[in-house]
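**Student:** Those protein sequence lines, which keep their order, are chains A and B. Residues in the first sequence are numbered from 213 upward in steps of one, following our numbering. Residues in the second sequence are numbered from 3 upward in steps of one, following our numbering. Pasting in a structure now, in structure tokens, and then I'll have a few things to ask.
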Amino acid sequence: MDIIISNTGDQPIYEQIYTQIRDQILSDKLSEGEPLPSIRGLAKDLRISVITTKRAYEELEREGFICTMAGKGSFVAPKNTELIREANLKKIEAHMQEIYELAAGCGMEKKELLEMFALMGEE
Amino acid sequence: MEEFALKIRHLTKRYKDFALNDVSLELPAGSIMGLIGENGAGKSTLIKSVIGAVKPDAGEIEVLGCDNRSAGFTLKKEEIGVVLDEACFPAALTVRQVNRVMRDLFKNWEEKTFLDYAERFALPQNKAFQEFSRGMKMKLAIAAALSHRARLLILDEATSGLDPIVRDEVLDVFNEFTREESHSILISSHIVSDLEKICDYIAFLHKGELLFCEEKDLLLERYGLITLRRDAFEALDKRAVLSAHDTGYGVQALVRRELLPAGMKAERAAIESIIVAMAKEGKK
Chain A
213 MDIIISNTGD
223 QPIYEQIYTQ
233 IRDQILSDKL
243 SEGEPLPSIR
253 GLAKDLRISV
263 ITTKRAYEEL
273 EREGFICTMA
283 GKGSFVAPKN
293 TELIREANLK
303 KIEAHMQEIY
313 ELAAGCGMEK
323 KELLEMFALM
333 GEE
Chain B
3 MEEFALKIRH
13 LTKRYKDFAL
23 NDVSLELPAG
33 SIMGLIGENG
43 AGKSTLIKSV
53 IGAVKPDAGE
63 IEVLGCDNRS
73 AGFTLKKEEI
83 GVVLDEACFP
93 AALTVRQVNR
103 VMRDLFKNWE
113 EKTFLDYAER
123 FALPQNKAFQ
133 EFSRGMKMKL
143 AIAAALSHRA
153 RLLILDEATS
163 GLDPIVRDEV
173 LDVFNEFTRE
183 ESHSILISSH
193 IVSDLEKICD
203 YIAFLHKGEL
213 LFCEEKDLLL
223 ERYGLITLRR
233 DAFEALDKRA
243 VLSAHDTGYG
253 VQALVRRELL
263 PAGMKAERAA
273 IESIIVAMAK
283 EGKK
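Written out as structure tokens, the structure is:
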């Protein structure tokens, strides 16, 4: 499993862990039932706070990506297609927002954007 | 296992020209707390009160679930590894002789652990303690503190005076120590960057008062650095600004992220600059 922590950016560390594990589950790099490193072990390996790592795992569990069994650790939860769709929708929205802001920054209109998008996948 | 490795309630200690005033804090078991403050802020007084070397005027201290004024505390000390800023061993002893002395002092002394650390820290075998450099002395004290199955390490300025490479080595050892869920550390230092590297919690003492005791990552999430044009700076909500510096070409400011206009991004600030700004402000 790859987790790259950046200490310079704007994104809180727990969010970096959350997103990276979530993305690896969504893209099937981590498959159902696979064990995740222990909260404490991961924190110490990455040299980050245990509390922060715990927060990321709690978030992943709340969103249904992982499940935690007392005394056994955390595992990748069974795939839930609805959940995956929802997560991908959120990502698409975030990317679109970025596109929208970029376009506004250089005076592009929505129409132009839509045209660009319509052309995608046709080549 | 207790929920908290250390509980301090309303600790007060008055000296002629200094007072540690009504300090309360809790260190959850399994975590590392950094105690920050300028020289004379009260870090050593706090630490000495915890280990019972200083008698407080008021307040209670519970260490590993045990009131440090109770009779049982003497036994509890087995489980507390202490390193103070001056390492003290009899001057003429070598590493192996220190080992023999400690074996008689601590019920749970682990010879092999100690000698392994001595080797890992590259401590000389045949030199007497008095010939050790400051770095070696501190490393010997740290090795000893880690070799009697302590669950709580209390370190007062244990990394200051060490060169950066040795400091990093020592921080590594502390990081490893807390892999165990029941192991906790209280470490004081005025080298904030060291504490920023390993701590879960930061407690900030200023002129004898505890200004805050916070989760480190929350501090970093809450505050950020921005650099912007003067007119843009003037337009900011003044409550968002903790400190600002006009460079002549623009303004660099330490800000509360939540009070920034939507979409404005701040860079990560160093704990040190957050602390300095708060110390100047004198409040949170």
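Glycine is no exception: its CB is placed at the ideal position from the N, C-alpha and C atoms.
Under the rule that 16 or more other beta-carbon atoms within 10 Å means buried, what is residue 301(A), buried or exposed?
**Tutor:** When all chains shown are included, residue 301(A) counts as exposed.
**Student:** Can you check whether the C-beta of residue 286(A) is within less than 8 Å of a C-beta belonging to chain B?
**Tutor:** No, residue 286(A) does not count as interfacial toward chain B.
**Student:** When you compare the region 217–230 of chain B with the region 39–57 of chain B, are there three or more beta-carbon pairs, one atom per stretch, that lie closer than 8 Å?
**Tutor:** No, the region 217–230 of chain B is not in contact with the region 39–57 of chain B.
**Student:** DSSP has residue 63(B) in a bridge; who is on the other side?
**Tutor:** DSSP lists 10(B) as partners of residue 63(B).
**Student:** Restricting to Cα atoms, I'd like to know which of 256(B), 252(B), 193(B) is closest to residue 223(B).
**Tutor:** Residue 223(B) has its Cα closest to that of 256(B), out of 256(B), 252(B), 193(B).
**Student:** To test your reading of the DSSP string, which unbroken beta strand (DSSP E) runs of 3 or more residues are found completely within the region 196–269 of chain B?
**Tutor:** Listed in chain order, the complete beta strand (DSSP E) runs (minimum 3 residues) inside the region 196–269 of chain B are 203–208, 211–217, 225–230, 243–248, 253–258.
**Student:** Using beta-carbon positions only, say whether residue 195(B) and residue 274(B) come within less than 8 Å of one another.
**Tutor:** For residue 195(B) and residue 274(B), yes; Cβs fall inside 8 Å.
**Student:** Does DSSP classify residue 141(B) as helix, strand or coil?
**Tutor:** Helix at residue 141(B).
**Student:** Closer than 8 Å, CB to CB, is residue 177(B) near chain A or not?
**Tutor:** It does; some Cβ of chain A falls within 8 Å.
**Student:** Tell me the DSSP bridge mates of residue 191(B)?
**Tutor:** DSSP lists 38(B) as partners of residue 191(B).
**Student:** Counting only Cβ pairs nearer than 9 Å, list the residues of chain A close to residue 32(B).
**Tutor:** Near residue 32(B) (Cβ distances below 9 Å), the residues of chain A are 252, 262.
**Student:** Verify the CB distance criterion: does residue 280(A) have a CB-CB separation below 8 Å to chain B?
**Tutor:** Taking Cβ atoms only, chain B never reaches closer than 8 Å to residue 280(A), which makes this a no.
**Student:** Counting only Cβ pairs nearer than 7 Å, list the residues of chain B close to residue 302(A).
**Tutor:** Simply none; closest approach about 18 Å.
**Student:** Using a Cβ cut-off of 9 Å, pull out every chain B residue sitting near residue 235(A), in sequence order please.
**Tutor:** Near residue 235(A) there are no residues of chain B at all, since even the closest Cβ is about 21 Å away, more than 9 Å.
**Student:** Cutting at 6 Å between CB atoms, please list the residues of its own chain near residue 189(B), excluding the five before and the five after it.
**Tutor:** Cβ neighbours of residue 189(B) beyond the five flanking positions: 36, 157.
**Student:** What are the residues in the region 178–192 of chain B lying within 8 Å of chain A by C-beta distance?
**Tutor:** Listed by position, the residues of the region 178–192 of chain B near chain A (Cβ gap below 8 Å) are 178, 180, 181, 183.
**Student:** Name the residues in the region 205–223 of chain B whose C-beta lies less than 7 Å from a C-beta of chain A; which are they?
**Tutor:** The region 205–223 of chain B vs chain A, Cβ under 7 Å: 217, 218, 219, 223.
**Student:** Taking only beta-carbon atoms, is residue 222(A) less than 8 Å away from chain B?
**Tutor:** Judged by the 8 Å Cβ criterion, residue 222(A) is in contact with chain B.
**Student:** Does the beta-carbon distance from residue 8(B) to residue 56(B) come in below 8 Å?
**Tutor:** No. Outside cutoff.
**Student:** Consult DSSP for residue 125(B) and reduce its assignment to one of helix, strand or coil.
**Tutor:** In the structure shown, residue 125(B) sits in coil (DSSP, three-state: anything other than H, G, I, E or B).
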